[in-house]
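Engineer: 1 is the number of the first residue of the sequence shown in the numbering used here; add one for each residue after it.
Idealized CB from N, CA, C, for every residue including glycine.
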Amino acid sequence: MAEAWVALALADGHVVHWIDGACRLDPGRFSPWLTQLGAGPRALRSLKVARGFTAHQFVAMVTRLPDEIRESGSRLIVVDAPMAMFDDEELRPREGRDMVRHMCTDLERAVDANASTVIVVH
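1. Bridge partners for residue 118 per DSSP, in chain order?
2. How far does the alpha helix (DSSP H) with residue 51 in it reach, from first residue to last?
3. Under 8 Å by Cβ, that's how I've got residue 71 and residue 17 pegged, so tell me the actual separation to the nearest angstrom.
4. Could you give the first and the last residue of the continuous alpha helix (DSSP H) run that contains residue 62?
5. Taking the beta strand (DSSP E) that residue 16 falls in, what are its first and last residues?
6. Can you tell me where the alpha helix (DSSP H) with residue 41 in it begins and where it stops?
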């Protein structure tokens with residue numbers, strides 16, 4: 001479902017931010033959708049992908065998101081597999097809970113900053 005929304009936004013010329021928590025995004029999977037919508041692969045230039053490899057990196061990317069979308073004017077944000085980052089054995093449970101709480105607050109700020117829609121994919 002998220003792919004369809006992203007393809008529609010990209011085909012209409014909108015910037016989309018995708019924060020990839022599981023390193024599973026393959027931008028090529030949008031190509032058939034974009035072709036069908038008459039946009040082609042050049043529309044992928046408006047897909048802004050960020051990948052974190054630790055919970056701290058992931059949360060830092062989400063923290064920067066309100067400023068990023070203010071700059072880009074993006075109205076659609078996909079946060080893919082955010083909880084995958086918090087399965088780290090070296091992350092203390094309380095620290096992880098605090099980080100998730102801050103991440104949710106920052107996502108809320110991102111929505112408010114530009115009337116954006118956030119799709120969270122588990």
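Structural biologist: On the basis of the coordinates in this document:
1. 77
2. That residue, residue 51, is in no alpha helix (DSSP H); its beta strand (DSSP E) goes 47 to 51.
3. The pair is not a contact, with the Cβ atoms about 11 Å apart (cut-off 8 Å).
4. Counting along the chain, residue 62 sits inside the alpha helix (DSSP H) bounded by residues 55 to 72.
5. 16 to 20
6. Run containing residue 41: none; DSSP gives neither H nor E here.
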